[in-house]
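K.L.:
So the protein lines, in turn, are chains A and B. Using my numbering, the letters of the first sequence correspond one by one to residues 2 to 295. Using my numbering, the letters of the second sequence correspond one by one to residues 340 to 663. Beta carbons: idealized from backbone N, C-alpha and C, even for Gly. Since this is a predicted model, take the numbers as computed values, not measurements.
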Amino acid sequence: MTKYKELSSLKRKEAVFGWKLVSPAVILIGVFILYPVLYNIYLSFFEVSLTPGQSNKFVGLENYRRLLTDPTFWNSFGITLLFVAITVAGSILVGLGVALLMNKEFPGRGIVRALILFPYVAPVISTVFAWQYVLMPLNGPLTILLSNFGIMDITQDVVNNPNNAFLVVSFYSIWKNFPFIYLMILSRLQSISQDYYEAADIDGANGWQKFRHITLPELYYVLGSLVLLRGIWNFYKFEEVYLLSKEARTLPIYLYQTAFTGIPDLGVAAAIATVLFIVMMALITVYVKKVLKW
Amino acid sequence: MVVRKRSFIKTFFFWFFIALVIIFVAYPFAYMVSVSFRYDSDAFDSSLIPKNPTLSQYAQLLGFQESIRQEMSQEEQQLIKLLESLPEEQREQVMQNIQSQRRRESFPFLRWFGNSLLLAGLSALTSLIIGIFGAYSFSRVWYPGRNMVQRSVLLVYLVGGVILSVPLYDMFVRIGLTNTAGTSMFSLYIIYVIQTLPVSMYMLGNYFRTIPESIEEAALIDGSTRFGTIMRIIIPLSMPAIITVFIYAFMIGWNEYLFASIFIRPFPGSYTLPVGLREIFFSAHAVWAKMMAASVLTAVPVIAMFMAVEKYLTAGLTAGGVKE
C-alpha cells in the first residue's frame, strides 16, 4: 500500500480532503458502535453496577458459567436457531414464488406490486396490533376461520402461548420480510437475458427445466446473499418478535429481559450479547468469504 | 384445442395465485382499517364491512372530539368540588389518586406522534448529511486507508441494536444522559443517527459510483471546488437515492422500540409511538377500535412516503441492499 509520505502534494491534498469528509462518520461509528462492541465484551466479565460511586466487580468467567449452565439460555438458543431457519427458508420460498409470479406482465400489475410492499414498509407496531387482532382467541377473524377448518382451537391464545408463540412470530416475520426478498429476486430476474429462454424453447425444454437450468443458476448469487443477510438480521431481530409476543423467547428477548426488566443483570446480559456477537461474526465471515468473495 | 385448454388452466392458476398473494398481504390491513372505523361496541364484529361506520376514533385521537375518557373527567371535576369539604391532607391524597388514574387513561396520541416525528426526522436528516459526505469520500476520493473505511462500514452495517443495547445504556447512564426527559431524547437521537449511518453511507456510496466521473471532472476544469461539485452536481444527481435513504433512515427511527423503551420509559411525556401504543395496549382494556385507528395513523405517513417514491425504491434498494 502506498504510504501517505510518498504521495505528491496534489494527492496529499486530496487525501486530506477525503479524510475530512469521512471523519464525522468514522468518529461516530468508532465511538458509538466499535467501542461499545469491545466495551460489551469487557462488561461481560464484571458484575455491573449502575449505582453512582459503586464500581463494577470483576467476576472473571462467572457470568458465562451462569449463562451456559442456565437451561433457559439453551432453550432460547434453540428457539432462535429454529426461528432463523423457519423464517429464512419461508421468506425465501414465498419471495421467490411471488417474484416468479410478478415477473409476468398482467393488467393491474402496478397496483399489486405496490400492495406487496405494504407489509415491509408498514411500521412494526401497527402490523403487530393487526395480527394480534385477527388472531385473538374467540373473536379474532382468523381464529374463527382456522378453527372452522379444525386447524386451531378457538379458545386458544396462540400469540401468547409459550409453546407455539415462536411459530406465530416466524409466520409474522415471513409475512413482513418476504417483500424485501421478492424485490431483490425480481430485479435479478428482470436482468436475465431472454435469449436463454428462447434457446431453451427451441430445444423443447419445459417450464420446470427452464427454471431448474436457467433461472435458478442465474439467481444463485442473489439467493446466497439473501439467505445470509436474512440469517444475520433475524438472528438478532428484536422488535418484530418482542412486540408481537413476549412469549417467543428468542435470545434477543432473553437478553432484553435479563438486562432491562426485573432485577437488571447487565453483566450476564453483556455475556449474552457477546455470544450473539460471536455467532453473528461467524455468519458474517462466511458471508464475506463465500458471497462477497473478498 | 389442446394447447388452448392448457393455457386456460394456466391462466386460471396464475390468477388464483395472484389472488392468494393479495389476500396474504392485505388480510391484516383490511381488518386494521375496518376496525378503525367502528365504535368500541362493534370492534369484535366478524364481518369485514363495518355495520355502523364512524370517524369518531380518528376524531378522538386527533383531538377534534373529546373521548369518553375525557368526558368522564367532568364527573371527576364534580367529585373534586365535593372534595373541597374534606380536610387538606385527605384531599391531596384523593386528588393524587384521581390524577394518576387520569394519566393512565389518557391517550396523548398526537404528542407521541410528534415525538416520533421529531426523533425519526432529525436523526434521519443528520445521518443523511453525514452519510453523503462520508459516502462521497470513500466512493470518489482516493486516500490511504480508504478500503478499510469502506469495509468497516459494510461490517458495521450488519451489527444489530441488541448487541449494542447493554454497553450503550451503560455508557449513557455513566455520562448522565438518562436523568431527564430532554437528555434521554438526545441519547435516542444519537443512537438513531448511528443506527442509520452505516446503511445511509452504504446505499449512497453505491449510488454515487453510478454517476459518471466525467461530469464531475468537467465541473472541476471549469473552476468548481471539490466541495462545490458535491453540492452542485453529486447531490442534485443523486436525489432519488437521497430521498430513498432518508425514508429508510426515517423508518428505522419510526419503528425503533428497543432503545426507546430503555431510555424514555420513566418519561411518559417523551414516549415515541411504539412505546406509547404498547403501553396503552397493555394497560387499557379492549380498546381495539382505537388501537386500530392509531395503527392506521402510525402507518399512513410511512406508507405514503414509500408509495410516493416507489419507482426509485427498487433501484435504491437493490443497489444498496438494505438494513432494518
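In chain order, what residues of the segment 377–396 of chain B put their CB closer than 8 Å to some CB of chain A?
P.N.:
Taking 8 Å as the Cβ-Cβ cut-off against chain A, the residues of the segment 377–396 of chain B that qualify are Phe383, Ser385, Leu387.
K.L.:
DSSP state of Ala647(B), grouped into three classes?
P.N.:
Note: Ala647(B) maps to helix in three-state DSSP.
K.L.:
Return the residues of the segment 526–547 of chain B that lie within a Cβ-Cβ distance of less than 8 Å from chain A, sorted by chain order.
P.N.:
Flagged, chain order: Ile529, Ile530, Val532, Ile533, Leu536, Pro537, Met540.
K.L.:
Per the contact definition of three or more C-beta pairs closer than 8 Å, is the segment 247–264 of chain A in contact with the segment 518–527 of chain B?
P.N.:
The segment 518–527 of chain B vs the segment 247–264 of chain A: no contact.
K.L.:
Nearest chain C C-beta to Ser246(A) closer than 9 Å, yes or no?
P.N.:
Structure shown: chain C not included; protein chains present are A and B.
K.L.:
Kindly indicate the opening and closing residues of the alpha helix (DSSP H) around Gln55(A).
P.N.:
Here Gln55(A) belongs to no alpha helix (DSSP H), and DSSP marks it neither H nor E.
K.L.:
Where do the N-terminal and C-terminal ends of the alpha helix (DSSP H) with Val113(A) fall, by residue?
P.N.:
Its alpha helix (DSSP H) spans residues 110–117.
K.L.:
With 8 Å as the C-beta to C-beta threshold (strictly closer), list the residues of the segment 578–609 of chain B near chain A in chain order.
P.N.:
Listed by position, the residues of the segment 578–609 of chain B near chain A (Cβ gap below 8 Å) are Met590, Trp593, Asn594, Glu595, Tyr596, Leu597, Ser600, Ile601.
K.L.:
Chain A beta carbons: is any one of them nearer than 9 Å to that of Gly660(B)?
P.N.:
Any reading at Gly660(B) must be qualified, since the residue scores a pLDDT of 48, below 50, and its modelled position is unreliable; no value is offered.
K.L.:
Name, please, each residue of chain A whose Cβ falls closer than 8 Å to the Cβ of Ala365(B).
P.N.:
What Ala365(B) touches in chain A: Leu116, Phe119.
K.L.:
Excluding five sequence neighbours on each side, which residues of the same chain lie with their C-beta closer than 8 Å to the C-beta of Leu136(A)?
P.N.:
Excluding sequence neighbours, Leu136(A) sits near Leu143, Thr144, Val159, Val160, Val169.
K.L.:
Measure from the C-beta of Gly473(B) to each C-beta in chain A and report whether the shortest distance is under 9 Å.
P.N.:
Yes, Gly473(B) lies at the interface with chain A (some Cβ there is under 9 Å from its Cβ).
K.L.:
Determine whether the beta carbon atoms of Val492(B) and Ile30(A) lie at a separation below 9 Å.
P.N.:
A contact, by the Cβ cut-off of 9 Å.
K.L.:
Taking a cut of 7 Å between CB atoms, which residues from the segment 61–85 of chain A lie near chain B?
P.N.:
Cβ contacts with chain B: none found.
K.L.:
Cβ of Ser609(B) within 9 Å of Cβ of Ser127(A)?
P.N.:
Contact: no.
K.L.:
Which chain B residues are close to Trp209(A), counting only those with a beta carbon under 7 Å from its beta carbon?
P.N.:
None at all; the shortest Cβ gap to chain B is about 13 Å.
K.L.:
Look at the Cβ atom of Met590(B), then the Cβ atom of Val49(A), and state whether they are nearer than 9 Å.
P.N.:
It is not a contact, given that the beta carbons lie outside the stated cut-off.
K.L.:
Drop a sphere of 10 angstroms on the beta-carbon of Asn149(A), count the other beta-carbons inside from all chains shown, and report buried for 16 or more, exposed for fewer.
P.N.:
Looking at its Cβ environment, which holds fewer than 16 other Cβ atoms inside 10 Å, Asn149(A) is exposed.
K.L.:
So which residues on chain A does Arg617(B) lean against when the C-beta distance must stay under 8 Å?
P.N.:
Per Cβ cutoff of 8 Å: Ile126, Leu244.
K.L.:
Please list the terminal residues of the continuous alpha helix (DSSP H) segment that includes Asn518(B).
P.N.:
Unbroken run through Asn518(B): none, as it is neither H nor E.
K.L.:
Classify Asp202(A): buried if its beta carbon has 16 or more other beta carbons within 10 angstroms, exposed otherwise.
P.N.:
That one is exposed.
K.L.:
Quick one: does Phe59(A) have its CB under 9 Å from some CB of chain B?
P.N.:
Chain B, which has no Cβ nearer than 9 Å to the Cβ of Phe59(A), makes this no.
K.L.:
Indicate whether the contact test is met: 3 or more Cβ pairs, each with one atom in the segment 449–465 of chain B and one in the segment 529–548 of chain B, closer than 8 Å.
P.N.:
Touching, yes.
K.L.:
Which first and last residues belong to the alpha helix (DSSP H) in which Met153(A) is found?
P.N.:
That residue, Met153(A), is in no alpha helix (DSSP H); it is neither H nor E in DSSP.
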